[in-house]
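Please read the structure below before turning to the comments.
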């Protein structure tokens, strides 16, 4: 993040970094997440599928956290008078910080 921005902007400028580099780099974050999930299931798939209640015990608090943070972010954004697009962006950013 920080290091690639500093080096990229210094080497080629902000315009190139934001219009060329970031669009090419962006999908790699999703590939990394997908790779992590595939490896997790490849190594621990039997444990995950044989103990579904353990998964529920872990997932339920995370879902509650997501709902509370998203709702709080949305209410806060609306109270601040932000438009719908900025309010939903704020809500998803607040809720996604744990994931």
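In the numbering used here, the protein residues as written are 357 to 455. From the three backbone atoms N, C-alpha and C, an ideal C-beta is built for every residue, glycine too. This one's a predicted model, so the numbers in the text were calculated from it and none came from an experiment.
Determine the burial state of residue i: buried for a count of at least 16 other Cβ atoms within 10 Å of its Cβ, exposed for fewer.
i, result
"residue 430", "buried"
"residue 373", "buried"
"residue 386", "exposed"
"residue 419", "exposed"
Could you round the C-beta distance between residue i and residue j to whole angstroms and report it? I think they count as a contact, below 8 Å.
i, j, result
"residue 450", "residue 428", "7 Å"
Taking DSSP as the reference, what is the three-state secondary structure of residue i?
i, result
"residue 425", "helix"
"residue 439", "coil"
"residue 382", "helix"
"residue 357", "coil"
"residue 388", "helix"
Counting contacts by CB-CB distance shorter than 7 Å, is residue i in contact with chain D?
i, result
"residue 409", "This model lacks chain D altogether, as it is built from one protein chain only."
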